[in-house]
Structures are given as structure tokens and as C-alpha cells.
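K.L.:
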Amino acid sequence: MKYTFEITICGCATNCGHCYVDGGPGPIMPYEDYALCLNRLVPALKRLDGNIAFNLGNETFCHPRVVDLFRLTDRVCPQYFDRRNEDFPTTGVALLRHRDRENILRELERKGIWELFFAVHGGQEAHDRMVSRPGRFTQLFETADFLVSRGFHVRFSLMLSRVFAEGLDEIMERISRYPGAKIDPIIPLYAPTPRLRTYQQYRLESQELLALCDRLDSWQVDTAKVRKLCANCSEQVVWAAHKNFAAERSSAPNWAFFHVTHDLKLYYGNAGMHTRLLGDLRTMTAQQVYEAIAPLGPNYDFDAFYPMEAFEQLHAMPRPTTDRVYPSHPDCYYAWLDELGVHNLLIK
Ligand code: SF4
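In the numbering used here, the protein residues as written are 554 to 901.
#1: Going by Cα to Cα distance, which pick from Glu844, Lys796 and Asp722 is closest to Tyr598?
#2: Cβ-heavy atom distance between Thr644 and ligand 1 below 7 angstroms?
#3: What does Ala809 pair with, by DSSP beta-bridge criteria?
#4: Just verifying my parser: in three-state terms, what is the DSSP assignment at Glu844?
#5: Can you tell me which of Arg802, Ile666 and Tyr633 puts its alpha carbon nearest to the alpha carbon of Asn608?
#6: For a minimum of 4 consecutive residues, which ranges assigned as the alpha helix (DSSP H) are wholly contained in the region 693 to 748?
#7: Which of the three DSSP states, helix, strand or coil, is assigned to Val878?
#8: To which residues of the same chain is Arg780 closer than 8 angstroms at the C-beta, ignoring the five residues directly before and after it?
#9: Look up Val774 in the DSSP assignment and say whether it is helix, strand or coil.
#10: With respect to the beta strand (DSSP E) encompassing Phe641, which residues constitute its N-terminal and C-terminal limits?
#11: Could you name the residues that DSSP lists as bridge partners for Ser787?
#12: Taking the alpha carbon of Gly579 as the reference point, which residue from Arg624, Glu662 and His815 has its own alpha carbon closest?
#13: Count the other C-beta atoms from every protein chain shown that fall within 10 angstroms of the C-beta of Glu612, then say buried if there are 16 or more, exposed otherwise.
#14: Three Cβ pairs or more, each shorter than 8 angstroms: is that satisfied between the region 618 to 629 and the region 860 to 869?
#15: Secondary structure at Leu830, three-state DSSP: helix, strand or coil?
#16: For ligand 1, any of its heavy atoms closer than 7 angstroms to the Cβ of Val716?
#17: Tell me whether His868 is buried or exposed, calling it buried when 16 or more other Cβ atoms sit within 10 Å of its Cβ.
#18: Is Asn611 helix, strand or coil when you go by DSSP?
#19: Which residues bound the beta strand (DSSP E) around Val673?
#20: CB-CB under 7 angstroms to Asn823, same chain, minus the five flanking residues each way: which ones, in chain order?
#21: Does DSSP put Tyr821 in a helix, a strand or coil?
#22: If you measure from the CB of Asn592, is any heavy atom of ligand 1 nearer than 7 angstroms?
#23: Any chance the region 748 to 763 sits against the region 894 to 901, with 3 or more Cβ pairs inside 8 angstroms?
#24: Does the beta carbon of Thr557 fall short of 7 angstroms from some heavy atom of ligand 1?
#25: Kindly indicate the opening and closing residues of the alpha helix (DSSP H) around Met758.
#26: So the alpha helix (DSSP H) Pro596 belongs to, where does it begin and stop?
#27: Out of curiosity, what's the CA-to-CA distance linking Ser710 and Phe671?
#28: What I want to know is whether the C-beta of Glu639 ends up closer than 7 angstroms to one or more non-hydrogen atoms of ligand 1.
#29: Which whole-angstrom value is the C-beta distance of Gly832 and Leu819, which I expect to be below 8 angstroms?
#30: Does the distance from the CB of Cys885 to the CB of Cys786 come in under 8 angstroms?
#31: Where do the ends of the alpha helix (DSSP H) carrying Thr836 lie?
#32: Rank Ile605, Ser714 and Pro583 by C-alpha distance to the C-alpha of Val878 and give the top, closest one.
#33: Report the option in Leu769, Pro741 and Pro851 whose CA atom is closest to the CA atom of Gly888.
#34: Spatial neighbours of Asp770 within its chain, please: C-beta separation below 8 angstroms, excluding the five flanking residues on both sides.
#35: Please report the straight-line C-alpha distance between Leu910 and Thr626, rounded to a whole angstrom.
#36: Using beta-carbon positions only, say whether Arg872 and Trp792 come within less than 8 angstroms of one another.
Now the structure itself:
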């Protein structure tokens with residue numbers, strides 16, 4: 554099984570509308586607590602049979618001692634934080650302003666990370682509105698310029714929404730100044746959280762999305778995946794499709810998510826989507842950590858959010874009046890169940 558441990562070492566420089574980990578400005582995990590976290594987690598994880606990865610969130614570069622955390626992780630468990638040949642997310646702000654930014658770049662190089670990616674929500678007004686912070690659009694591109702000047706590659710995820718559509722030409726003109734940069738159009742996922750409920754007003758319907766794809770094509774953006782999602786994952790298509798929820802559940806990724814909060818609470822479920830408190834790493838032994846994690850199965854989809862029997866209600870659902878597009882069928886199911894007011898399994 555694949556295991557991902559999201560360890561919240563700090564908050565973010567933004568407060569993004571599409572954020573499923575419920576990120577935003579937040580407290581810092583002290584270096585000593587991070588060392589304690591590794592001390593409790595790593596011996597337990599070494600006994601698990603699986604592919605294990607750490608993610609230091611929310612926005613790694615917001616931590617004042619991120620370089621020390623990278624070095625400690627590489628001494629204790631480099632196998633869990635191997636990001637070679639992967640891109641690395643940033644909003645730009647924290648990295649550019651970090652007093653230790655030169656050492657951060659050296660650490661990234663040492664770890665074989667040569668590409669950083671930025672999620673963009675549209676032109677200046679659109680982007681700053683969607684991340685709830687003025688000035689972030691400008692700072693994002695200042696950081697992109699800085700990284701390119703230091704030999705790094707930059708990549709852009711286009712967060713497609715009604716707001717993005719308003720600022721499309723402005724953002725694409727800005728991105729076109731980075732020849733060769735990879736560009737990934739993204740349809741944000743859905744989970745039954747307050748933030749994603751609010752984001753629904755910006756979610757594009759199939760016809761709107763196809764019109765947006767035509768405009769993106771003129772900027773040479775590859776829209777094939779988005780067009781495929783319009784054809785396979787719009788509400789009208791999902792509603793009309795034959796639904797065998799048990800079969801879909803059995804083909805979901807064999808992947809379990811856990812979260813360690815800044816104050817060392819260990820949860821089953823990703824950040825922002827906890828379903829069970831497993832304990833406090835300050836007081837748990839490595840043996841107790843192992844016993845808490847080892848019996849737990851994948852929680853990537855379906856019964857990670859709703860009991861399996863809840864999905865059967867969707868067979869009786871009348872045809873939707875909208876045709877919003879999701880990145881997968883399960884995302885569409887969660888949105889419908891949430892709108893129907895079905896109780897979900899998430900805890901605060
Ligand atoms: S999307 Fe990323 S940067 Fe934005 S609030 Fe969430 S965790 Fe932070």
C-alpha cells in the first residue's frame with residue numbers, strides 16, 4: 554500500500570479557495586517538535602510494508618528553519634522524503650522573502666529538485682481574490698523570475714474556474730514569458746468541506762469549460778485532458794452512467810493518508826479531511842504509533858468520506874439541472890451527497 558504522511562510544519566502565505574487541506578496562515582512546528590515527530594513516526598513506519606512518503610506542509614518554505622528540517626529528514630529518513638525529479642509547490646512569497654533562501658536553493662539542488670510549480674487562478678485581480686491575499690500575483694512572478702535566474706525550471710497549474718476565465722488572457726500573456734514552462738490545466742477536486750462548498754460557485758459547467766479550452770488552445774495549452782473530463786465527468790454524464798459503487802470503490806487507489814498537526818496530533822485522513830484521531834505523538838510510543846497505523850486500510854476515496862451505503866441514495870437522485878465538471882466520478886458523488894445533506898465522516 555502507498556502511505557502519505559502530511560506533516561504540518563507551518564501555514565501558508567495564501568488562503569486558496571480551492572484548498573482541500575484547509576490551508577492558510579498558521580502556527581509553526583518548532584524544530585524540536587519535528588525531531589520528536591520523526592522519533593515517534595520513523596521506527597513505526599519502518600515496520601510497515603508499503604511505499605511511504607512525507608509531505609512537509611502546508612507551504613514548506615513558510616517555516617523559518619526549513620533548511621534544518623530538510624537536513625534532519627535526510628539524516629533520519631531520506632527514503633521518505635525523496636523528491637528527485639518531482640516538481641515542488643510554492644506560492645512564491647515565502648521563498649522569495651525567506652532570510653535563508655540561498656540555503657533553501659542549495660538544499661533543493663542537493664535533493665535533485667529543479668522544478669517548482671505555481672498554482673495560478675487567473676489574472677492579477679482574479680488570482681489575488683482566489684488566494685484571499687493582495688499582491689500575491691505580483692510576488693508569484695517575482696519568485697518565478699528569481700528561480701529562473703538561478704537555473705530552476707518553473708511550471709504552472711492553471712486552476713480552471715469562472716474567475717480564471719475572466720483573467721485568462723492576462724495570465725497566459727504573463728506565463729508566455731517563460732518559454733518551455735510546463736502548463737497543466739486543472740479542474741479542482743471536491744470534498745465535503747466548508748471551503749470547497751464555497752468554491753462551487755466558481756466551478757465551470759461543461760459548455761463553459763469547452764469554450765475556455767478553445768481559448769486556451771490559442772495559447773498552445775494542451776487541453777486534451779480537460780476535454781476528456783468534460784466528456785466523462787460532467788454531472789449530466791455521471792448521472793446517466795451505470796453506477797456500481799462497490800466496483801468503483803474496489804478499483805480506487807490503494808493509498809492511505811495520515812496527518813500530523815503542528816501540535817503533533819496524529820490523524821487518519823489528509824489535512825483538512827480527518828476521519829479519526831489516532832493519538833498524540835508527544836505521548837505515544839513508536840509501538841503505539843505502529844499499532845494505530847498498521848490495521849488501517851486505504852482512505853483515498855469513497856468510504857474515506859461517506860459510508861458506502863450512502864452512495865446508493867444517488868440511484869434515486871433526479872437529473873441535475875447543472876452540468877458542472879469534476880476531476881473524477883467520486884468527486885461528483887461527494888458534491889451531490891453534500892448537497893443532499895448526507896452526513897459525512899469527516900471530523901474537525
Ligand atoms: S492550496 Fe496550498 S498554498 Fe493554497 S492554502 Fe492550500 S495548502 Fe496553502
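Beta carbons are placed, not taken as given, at the ideal position from N, Cα and C, and that holds for glycine.
P.N.:
Inspection of the coordinates gives the following:
#1: Position 45 of the sequence shown, counting from 1, holds the residue named residue 598. A small fix is needed here, since residue 598 is Leu in this sequence, not Tyr. For the residues Glu844, Lys796 and Asp722, the minimum Cα distance to Leu598 belongs to Glu844.
#2: Within the sequence shown, residue 644 is the residue found at index 91, counting from 1. At least one heavy atom of ligand 1 is nearer than 7 angstroms to the Cβ of Thr644, so yes.
#3: As a working mapping, residue 809 is identified with position 256 in the sequence shown. According to DSSP, which records beta bridges pairwise, Ala809 is partnered with Tyr556.
#4: Residue mapping note: residue 844 aligns to position 291 of the sequence shown, counting from 1. If DSSP states are grouped into helix, strand and coil, Glu844 belongs with the helices.
#5: Sequence index remark: in the sequence shown, residue 608 carries index 55 (1-based). Residue nearest to Asn608 within the set Arg802, Ile666 and Tyr633 is Tyr633 (criterion: CA-CA distance).
#6: Taken in chain order, the whole alpha helix (DSSP H) runs of length 4 or more contained in the region 693 to 748 are 715 to 719 and 721 to 728.
#7: Residue numbering aside, residue 878 sits at position 325 when the sequence shown is read from its first letter. In the structure shown, Val878 falls within a strand segment according to DSSP collapsed to helix, strand and coil.
#8: Locating residue 780 in the sequence shown gives position 227, counting from the first residue. Result list for Arg780: Leu763 and Cys766, in chain order.
#9: Along the sequence shown, one-based indexing puts residue 774 at 221. Of the three classes helix, strand and coil, the one that applies to Val774 here is coil, per DSSP.
#10: One-based indexing of the sequence shown puts residue 641 at position 88. In the DSSP annotation of this structure, the continuous segment of the beta strand (DSSP E) that includes Phe641 starts and ends at Asp640 to Pro642.
#11: If you number the sequence shown from 1, residue 787 lands on position 234. Beta-bridge pairing links Ser787 to Val878.
#12: Start at 1 with the first residue of the sequence shown, and residue 579 comes out as number 26. It is His815 whose Cα lies nearest to the Cα of Gly579.
#13: Looking up residue 612 in the sequence shown gives position 59. Counting C-beta atoms within 10 angstroms of its own C-beta, Glu612 has 16 or more neighbours from the protein chains shown and is therefore classed as buried.
#14: Taking one beta carbon from each stretch, the region 618 to 629 and the region 860 to 869 have fewer than 3 pairs nearer than 8 angstroms; the two do not touch.
#15: Translated into the one-based positions of the sequence shown, residue 830 becomes position 277. Strand at Leu830.
#16: Counting from 1 along the sequence shown, the entry for residue 716 is found at position 163. Val716: no, Cβ never under 7 angstroms from ligand 1.
#17: Taking the sequence shown and counting its residues from 1, the one referred to as residue 868 is at position 315. In this structure His868 is exposed. Its beta-carbon is surrounded by fewer than 16 other beta-carbon atoms within 10 angstroms.
#18: Sequence index remark: in the sequence shown, residue 611 carries index 58 (1-based). In this structure, Asn611 counts as coil in the three-state DSSP scheme.
#19: If you number the sequence shown from 1, residue 673 lands on position 120. Glu668 to Val673 is the span of the beta strand (DSSP E), which, as asked, contains Val673.
#20: Locating residue 823 in the sequence shown gives position 270, where the first residue counts as 1. Same-chain partners within the cutoff: Glu559, Val574, Phe810 and His812.
#21: Here residue 821 is taken as the residue at index 268 of the sequence shown, counted from 1. The three-state reading of DSSP puts Tyr821 in strand, counting E and B together.
#22: As a working mapping, residue 592 is identified with position 39 in the sequence shown. No; taking the cut-off as 7 angstroms, the Cβ of Asn592 has no heavy atom of ligand 1 nearer than that.
#23: When C-beta atoms of the region 748 to 763 are compared with those of the region 894 to 901, fewer than three pairs fall below 8 angstroms, so the two segments do not count as touching.
#24: For the purposes of this step, residue 557 is identified with residue 4 of the sequence shown, where counting begins at 1. Thr557: no, Cβ never under 7 angstroms from ligand 1.
#25: Position 205 of the sequence shown, counted from the first residue, corresponds to residue 758. It should be noted that the sequence gives Glu, not Met, for residue 758. For Glu758, there is no enclosing alpha helix (DSSP H), as DSSP gives it neither H nor E.
#26: Taking the first residue of the sequence shown as 1, we reach residue 596 at position 43. If you look at Pro596, you'll find it in the alpha helix (DSSP H) that goes Tyr584 to Leu598.
#27: Position 157 of the sequence shown, counting from 1, holds the residue named residue 710. Position 118 of the sequence shown, counting from 1, holds the residue named residue 671. So the alpha carbons of these two residues sit roughly 6 angstroms apart.
#28: If you number the sequence shown from 1, residue 639 lands on position 86. No - ligand 1 has no heavy atom lying nearer than 7 angstroms to the Cβ of Glu639.
#29: Taking the sequence shown and counting its residues from 1, the one referred to as residue 832 is at position 279. Taking the sequence shown and counting its residues from 1, the one referred to as residue 819 is at position 266. At roughly 5 angstroms, the Cβ-Cβ gap stays under 8 angstroms, so Gly832 and Leu819 are in contact.
#30: As a first step, residue 885 must be located in the sequence shown, where it is residue number 332. As a first step, residue 786 must be located in the sequence shown, where it is residue number 233. Contact flag set, yes.
#31: Here residue 836 is taken as the residue at index 283 of the sequence shown, counted from 1. If you look at Thr836, you'll find it isn't in any alpha helix (DSSP H); DSSP assigns it neither H nor E.
#32: Here residue 878 is taken as the residue at index 325 of the sequence shown, counted from 1. Of all alpha-carbon atoms in Ile605, Ser714 and Pro583, the one lying nearest the alpha-carbon of Val878 is that of Ser714.
#33: Here residue 888 refers to the residue found at position 335 when the sequence shown is read from its first residue. In the sequence as presented, Gly is not what sits at residue 888; that position holds Ala. Nearest to Ala888 by alpha-carbon distance, out of Leu769, Pro741 and Pro851, is Pro741.
#34: The residue labelled residue 770 in the question sits at position 217 within the sequence shown. Cβ-Cβ distances below 8 angstroms link Asp770 to Thr776 in the same chain, with the five nearest sequence neighbours on each side left out; the list follows chain order.
#35: Missing from the structure shown is residue 910; the chain here goes from 554 to 901 and no further.
#36: Along the sequence shown, one-based indexing puts residue 872 at 319. Along the sequence shown, one-based indexing puts residue 792 at 239. At a Cβ-Cβ threshold of 8 angstroms, Arg872 and Trp792 count as neighbours.
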